[in-house]
Amino acid sequence: MGGDDKSLTDPAAIREQVRAAVSVEASYRPVDPILSEVAPDETEIAPGITVSDVEDAFRWKNVGDAAIAIKLLRGKICYDAVADKPYRFNCTHWLRDKNANWRKALFGVADIYAIRARHYLEQAKTVEEECNAAPKDEQKSLKPLVKKAQKIAEAWIKRVNSCRDTSYVRKIWEAATSGDGSLAISGDEWNQRPTLLPCKNCVVDLEKGKPLDPDPFQYFNKAAIAPFVDLHAEAPFFLDTISKALCRDKQLIDYFDYMVGFAATGLQTKDFFCAYGPKGDNAKSVVFEWLRKVLGDFAGTIKVETILDEKFMRSADGPSPSMLKLRGLRMAVTSEADKKHQFAMAKIKSICSGGDRLEARGINAVDIIEFNPELTLIMHSNHIPKASGNDDAFYKRIKVIPFRAKFIAEKDGPEDPDHHIYHAKSRSRIVDPTLTREMPGIMAYIVRCAVKALKAGDMPPAPPAVLIETDQYRTDQDIVGQFLRECTDPDSNNQEQMKDIYFAFRKWCAEEQMMPPKAIWSQNALGKDLKQRNELERIPSNVTYYKGLRIKPQWRKQEGDINDQEAHDSGSFRPF
């Protein structure tokens, strides 16, 4: 009998039986999304997301879910991988996503899949209706199609439900924020467009003074808090305060405007500005407080310890959060300094160099963060800290801006504009409310200053008022120069031994400067300073000489004076 059954011997019949068996078996299997065949369809079902995108994502499972999440959230949500912080875009810049809006936004992946799930449910319903309407003898052959359509719809519904599960949403987030092309950024992307300034209502092109359409891919996570209304918006009270504080000196006011302009950008001038008003009540606090307030996140107050020598001050913080605070700032204003403080000159040069990368670490952080400072460093103080040595590089950077005006209470006397004496206004009742109303005008002033500064390309030469104050500061700090002027005479034909110069220097410090022994410079420190002075020539030998000066007789070592070794033993000789 077996020999008469062609289905067992005919190859064509065998192949047909296999196909039929496979078809029946497949109809009972769960639908594998990879095997479902859908024609390419570029119809958008959400902005930037096509039917084909969703079908492909369905096949790719978790990777596909992440791909949809990336398309759905790009430009709305991002993740700083180094800082381990999510951000959301608020129309002008990125804000920390402290409320985990990313989690709510990721439920949108389920909503995208739900659109296709409804499509397949309708398709399954249509197939079932066609099957039920078909003749009885055809329904049997159509039922596998009905079952297949239902299984496809069920698979899509299952995917929708899984994407609404909070634990699975976390997995989508992890996949969507990993690798190139994801929602993740390294953090180096932040605030890298120095000629743009995000404001409360727009992004301002500081080269043209015009608003731009916001763009999330500019990656600003800082912004000014005031709106930009118009380039010519006015702030009469604020500008009059600046004018009075700078003694109506037009050159000085113009120089100040350039400083403000560069402080609004991320472009360094390599200058270190000291707004100096020795007697207080000179309006500099009001001026810088409101500049800082209007610039918002781009301006900040840093601890004065950040730029002070730690030999004389305790460390600014545990690791280095004070230095980390400089990252992304355009204007950094220090807190008040004391006249006993001493500058950390190397640190200031590093901050203001424009080329050196700084290293900083947060309090609980493990990794060190490197960044390029792109800020204008400003100290406003009634006292300028000391500067040790005669460092030309430091003195090329420091610019002392005098605030010589005086704002007094009405009861203390009349105004005297000729001597720059004005009546002070109440901060709480007049000054702050007026400047709050003028914030759009202050913003316009800052933008005008930036347009002018960017057009010039660099700070202009310092005006006479700044040069005089800066030179006076350098003279006051140049203890060696003062010693040379008082204790020696220039003599190009004479040379003096280093130990004799140091004896005279130590004697002068003790008798004229009233320095305690431990505060007097070491011989090595004095020698380093003398080597930098062009008017002197160092003559090295077994005994070091300097040519170009003659010690005055009263400062030479006399019989009975202690020698260097005795000075060292007594504690007045301080090693460098």
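Under UniProt numbering, the first residue of the sequence shown is numbered 1, with each subsequent residue one higher.
Just so it is clear, CB atoms sit at the ideal spot from N, CA and C, and this is done for glycine as well.
{"Item": "Short check: CB of T265 to CB of R170, under 9 Å?", "Value": "no"}
{"Item": "Taking 9 Å as the threshold (C-beta atoms), are C202 and T301 in contact?", "Value": "no"}
{"Item": "Work out the CA separation of C352 and K250 for me, nearest whole Å.", "Value": "27 Å"}
{"Item": "T434 to F237, Cα distance in whole Å?", "Value": "7 Å"}
{"Item": "In its own chain, which residues sit with a C-beta less than 6 Å from the C-beta of G441, not counting the 5 before and 5 after it?", "Value": "A233, E234, A235"}
{"Item": "Keeping to the same chain, check which residues put their C-beta closer than 6 Å to that of V304; ignore five residues upstream and five downstream.", "Value": "T334, S335, A337"}
{"Item": "Among residues of its own chain, excluding the 5 on either side of P194, which ones have a beta-carbon nearer than 6 Å to its beta-carbon?", "Value": "T265, G266, L267"}
{"Item": "Comparing alpha-carbon positions, which option in F273, L530, L145, D392 lies nearest F483?", "Value": "L530"}
{"Item": "Whose C-beta lies closer than 6 Å to the C-beta of D41 among residues of the same chain, with five residues either side of it excluded?", "Value": "V51, S52"}
{"Item": "Can you say whether P47 is buried or exposed, counting buried as having 16 or more other CB atoms within 10 angstroms of its CB?", "Value": "exposed"}
{"Item": "Between which two residues does the alpha helix (DSSP H) carrying G300 extend?", "Value": "Where G300 is concerned, there is no enclosing alpha helix (DSSP H), although the beta strand (DSSP E) it sits in stretches over 299-302."}
{"Item": "If I'm right that A57 touches I68 with Cβ under 8 Å, what's the distance once you round it to whole angstroms?", "Value": "5 Å"}
{"Item": "Can you tell which of D391, N390, N382 has its C-alpha closest to the C-alpha of K406?", "Value": "N382"}
{"Item": "Spatial neighbours of Q477 within its chain, please: CB distance less than 7 Å, with the 5 preceding and 5 following residues excluded, ordered by chain position.", "Value": "K386, A387"}
{"Item": "Starting from C449 and walking both ways along the alpha helix (DSSP H), at which residues does that stretch end?", "Value": "439-456"}
{"Item": "Cα separation between R96 and D188?", "Value": "16 Å"}
{"Item": "What's the gap between the Cα of K143 and the Cα of A149?", "Value": "10 Å"}
{"Item": "Would you kindly check if the distance between the Cβ of E55 and the Cβ of R116 is under 9 Å?", "Value": "yes"}
{"Item": "DSSP on E16, reduced to helix/strand/coil?", "Value": "helix"}
{"Item": "Which two residues bound the contiguous alpha helix (DSSP H) that contains D240?", "Value": "236-245"}
{"Item": "What do you get for A12, buried or exposed, if any count of 16 or more other CB atoms within 10 angstroms of its CB means buried?", "Value": "exposed"}
{"Item": "Any idea what DSSP makes of Q558, helix, strand or coil?", "Value": "coil"}
{"Item": "Spatial neighbours of A105 within its chain, please: C-beta separation below 6 Å, excluding the five flanking residues on both sides.", "Value": "L73, I77"}
{"Item": "Does the Cβ of T269 have 16 or more other Cβ atoms within 10 Å, making it buried, or fewer, making it exposed?", "Value": "buried"}
{"Item": "Can you say whether N99 is buried or exposed, counting buried as having 16 or more other CB atoms within 10 angstroms of its CB?", "Value": "exposed"}
{"Item": "Who pairs with C78 in a beta bridge, going by DSSP?", "Value": "Y87"}
{"Item": "Quick check on F576: buried or exposed, where buried means 16 or more other Cβ atoms within 10 Å of its Cβ?", "Value": "A caution first: F576 carries a pLDDT of 32, below 50, which makes its placement in the model too unreliable to give a value."}
{"Item": "Suppose contacts are defined by Cβ-Cβ distances below 9 Å. Is L295 in contact with I446 by that definition?", "Value": "yes"}
{"Item": "What three-state label does DSSP hand E145 in the structure shown?", "Value": "The sequence given here has Leu at residue 145, not Glu. Helix at L145."}
{"Item": "Quick one: residues in its chain with C-beta nearer than 7 Å to the C-beta of R103, no 5 flanking neighbours on either side, listed in chain order?", "Value": "V169"}
{"Item": "For D416, name the three-state secondary structure that DSSP assigns.", "Value": "strand"}
{"Item": "Less than 6 Å between C-beta atoms, sequence neighbours within five positions excluded: which residues of the same chain meet that for M443?", "Value": "A226, F228, V294"}
{"Item": "Which class does H380 belong to by DSSP, given the choice of helix, strand or coil?", "Value": "strand"}
{"Item": "Rounding to the nearest angstrom, what Cα-Cα distance links P490 and K518 in this structure?", "Value": "29 Å"}
{"Item": "Would the stretch 242-249 count as touching the stretch 207-224 if we require 3 or more Cβ pairs under 8 Å?", "Value": "no"}
{"Item": "Identify which residue in G280, A153, K200 has its Cα closest to the Cα of R404.", "Value": "G280"}
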